[in-house]
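2 protein chains.
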Amino acid sequence: MLLSTKGDYGVRALIDLAKHAGEGPVQRSDIARRRQLPESYLDHLLAQLRRDGFIRSTRGPGGGHELTRAPAEITLLAVLECLEGSLAPIGCVAEANRGGESMCGQSWVWQGIYDDMRKRLEGITIAELVEHERAHERAAVANYSI
Amino acid sequence: MLLSTKGDYGVRALIDLAKHAGEGPVQRSDIARRRQLPESYLDHLLAQLRRDGFIRSTRGPGGGHELTRAPAEITLLAVLECLEGSLAPIGCVAEANRGGESMCGQSWVWQGIYDDMRKRLEGITIAELVEHERAHERAAVANYSI
DNA sequence: TACAATGTCGACCAGATTAGTCGTGAATCC
DNA sequence: GGATTCACGACTAATCTGGTCGACATTGTA
Ligand code: FES
Ligand code: FES
């Protein structure tokens with residue numbers, strides 16, 4: 486498994502923040518409830534996202550979390566690398582891409598797959614995921630109203 | 486990390502067997518030495534490869550392991566799925582592809598990446614990896630002789 | 001037939017990772 | 001001062017990884 490729940494949960498959280506952008510800070514408990522995440526685990530993910538500058542948090546009553554950038558400027562690649570570390574499919578590729586050297590004769594295969602994946606993920610933003618979700622909601626409503 | 490050492494080691498072992506195909510059974514100890522693998526760990530991988538019909542083994546003096554098919558008919562995808570199980574980048578995709586259903590709104594991203602990767606891996610055979618390795622060896626020799 | 005070579009199988013193990021929980025404390029607002 | 005909310009680190013149970021080891025089965029050869 487390339488991704489743990491961290492990446493998935495973290496992206497879900499950012500989508501939630503993006504959907505409520507401009508409405509002031511969003512609370513951990515609301516994100517957790519709406520996105521079905523364990524709240525105290527989400528805490529760790531938000532901490533990491535904050536450290537890497539994706540969100541800003543405020544304490545006290547009425548506090549919560551907000552995006553620091555426009556959703557369209559947050560790529561899935563950036564989020565996932567923040568939460569998961571390297572997305573390299575195998576150890577040697579991860580090391581190679583930060584200066585290492587030793588690989589066996591198959592590593593070109595994995596390097597290719599890695600490059601493809603990064604390119605894909607770099608082309609998808611949180612804004613697009615929000616739009617995707619909205620479209621899905623509209624479709625569900627339309628279906629129900631018929 | 487999508488792949489553990491199992492996949493990498495197993496592919497290395499099959500490359501070794503392919504390189505010595507037609508010369509009778511190849512012994513575990515020889516594979517381990519040539520490919521720099523821990524012999525007793527390699528044992529497990531060979532067992533799995535045997536169970537899935539990639540190799541046949543014979544005991545006793547002069548025994549060892551051999552491929553059951555031509556190297557050009559063994560895809561990297563098949564080998565890796567034998568040794569690693571599903572290569573799905575995230576759990577929900579693995580379940581979806583064997584009949585499950587529940588996914589969150591991002592799973593289409595991972596499904597796409599998964600499909601790409603499988604297609605790539607299906608197009609690479611052990612024979613090609615052997616050829617790749619031979620080309621590399623020739624290049625090294627040429628470089629040395631200059 | 002005895003023995004050596006070889007594969008087969010399962011038990012066992014230490015360390016890392018995953019997916020959390022919990023408690024204490026700090027900031028903020030009222 | 002008290003309520004609310006985030007911040008941070010300690011702790012944990014379960015699982016996975018990357019092995020090792022020992023007992024045993026099979027086969028070729030002297
Ligand atoms: S060591 Fe990286 S592919 Fe083999
Ligand atoms: S649950 Fe599979 S991508 Fe979110």
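From first to last, the protein sequence lines stand for chains F and C.
Quick note: the first sequence uses the numbering used here, first residue 486, plus one each step.
Quick note: the second sequence uses the numbering used here, first residue 486, plus one each step.
Where a beta carbon is used, it is the ideal one built from N, C-alpha and C, also for glycine.
Note that this is a predicted model, so its numbers are computed, not measured.
Setting aside the 5 residues that flank it on each side, Trp595(F) is surrounded in the same chain by Pro574, Ile575 and Val578, each with a C-beta closer than 7 Å to its C-beta; the list follows chain order. Judged by DSSP secondary structure, Gly549(C) falls within the beta strand (DSSP E) whose first and last residues are Gly549 to Leu552. Beyond the five residues adjoining it in sequence on each side, Leu568(C) comes within less than 7 Å, by CB distance, of Lys491, Gly492, Gly495, Leu530 and Gln533 in the same chain, given in chain order. Residue pairing by DSSP places Ile540(C) opposite Leu552(C) in a beta bridge. Counting along the chain, no alpha helix (DSSP H) covers Arg583(F), and no H or E run does either.
Taking C-beta atoms as the reference points, Glu566(C) and Leu572(C) count as a pair closer than 8 Å.
Secondary-structure assignment with DSSP links Thr490(F) through no beta bridge to anything. Contact between Ile516(C) and Ile559(C) does not hold, since the beta-carbon distance rounds to 16 Å and is not under 8 Å.
Bounds of the alpha helix (DSSP H) holding Cys567(F) are Leu561 to Glu569. Chain-ordered, the chain F residues with CB closer than 7 Å to the CB of Glu618(C) read Gly590. When 8 Å is used as the limit between beta carbons, Val496(F) is near these residues of chain C: Gln591, in chain order.
Around the beta-carbon of His621(F), fewer than 16 other beta-carbon atoms lie within 10 Å, marking it exposed.
Around Leu531(C), no beta-carbon contact reaches into chain F at under 9 Å, the shortest distance being about 18 Å.
The alpha-carbon separation between Glu551(F) and Trp593(C) amounts to approximately 26 Å.
Excluding sequence positions up to five before and after Ala503(C), its CB lies within less than 7 Å of the CB of Leu552, Pro556, Ile611, Ala612 and Val615, all in the same chain and listed in chain order.
His621(C) reaches chain F at Gly590, counting residues in chain order whose Cβ is nearer than 9 Å. Put simply, the CB of Asp601(F) is near chain C, with a gap under 8 Å to one of its CB atoms. Inter-residue distance for Asp601(C) and His505(F) is about 33 Å (C-alpha atoms, whole angstroms). With a cutoff of 8 Å on beta-carbon distance, Gly549(F) and Gln512(F) are scored as near each other. The beta-carbon of Gly549(C) is placed no less than 8 Å from the nearest beta-carbon of chain F. In terms of Cβ geometry, Glu618(F) and Ile500(F) form a close pair [threshold 8 Å].
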